[in-house]
Structure formats: C-alpha cells, structure tokens
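Following this note's numbering, the numbering of the sequence shown begins with 69 at its first residue and continues without gaps. Here the structure comes first, spelled out in structure tokens, and everything after it is commentary.
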Amino acid sequence: MNNQIQQLQTLLPAFFAGVLLGSLYFYTLWFTTKKGLLSTHLVHWFIGGLLLRMGIALSGFYLIANDDWRRLALCILGFIIGRMLIYKLVVFKPSNRPSLIK
C-alpha cells in the first residue's frame, strides 16, 4: 500500500504538469490565432506562436518524463485534458471570437 502511494505521489505531478502544458499550449494557440487574424503581420504571429508553443511543450515533456514512460503517458493525458479545458473555457465564448468583417 505504501509503495502505491509513493508511486502516485511521483506520477500525479506529471499529470497536473501535462494539464498546465496543454492549457498553456492551446491558450497560446487561440491567442495567436485571434491576434494574427487581425494583424498586418500574420506570418510573424503564426510562426512565432508555433515556435513558442512547440518549444515549451516539447521541453516540458522532456523534463517531466525524466526517462519514465508512465510519467510521459500521464503528462500526455494531462495535455489532452488541458486542451479540453481551454476548448470549453475560451473557444466557445461568443464575445471572444474575432470578427473578420470590418
């Protein structure tokens, strides 16, 4: 029983870090899309956002996994849940949709 609790204590932070990474990734995706569509420098927003998001996500996965496939799997699961959170909280609010018609 003690061993299971210790494993849970080492694996659970990987899950929550994955939720944080996923939320950050998809929020910055939403933000760069919103700002980029209204900007005159569309390419700068999209390429810069892509590099920033991918750099943070891949670095986070590498650091969190720490050569343990279970930590990586839980981090990826948390990443997917973070996507669902941002999808529900940000994307479908009608006031947050950028208008392309001026």
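Just so you know, even glycine gets a beta-carbon here, dropped at the ideal spot from N, CA and C.
The beta carbons of Gly-104 and Phe-114 sit about 5 Å from each other, so the pair counts as a contact at 8 Å. Distance from the CA atom of Thr-100 to the CA atom of Met-69, rounded to whole angstroms, is 46 Å. Rounded to whole angstroms, the Cβ separation of Ile-154 and Ser-91 is 5 Å, and the two are in contact under 8 Å. In the same chain as Phe-83, and ignoring 5 residues on each side of it, the C-beta atoms closer than 6 Å to its own belong to Leu-142 and Gly-146, in chain order. Nearest in C-alpha terms to Arg-121, of all of Lys-102, Leu-157, Tyr-95 and Asn-134, is Tyr-95.
The beta carbon of Ala-85 sits closer than 8 Å to those of Gly-128, Ile-132, Cys-143 and Gly-146, all from its chain and outside the five residues before and after it, given in chain order. According to the DSSP assignment, Lys-103 belongs to the alpha helix (DSSP H) that extends over 70–105. For His-112, the three-state secondary structure derived from DSSP is helix.
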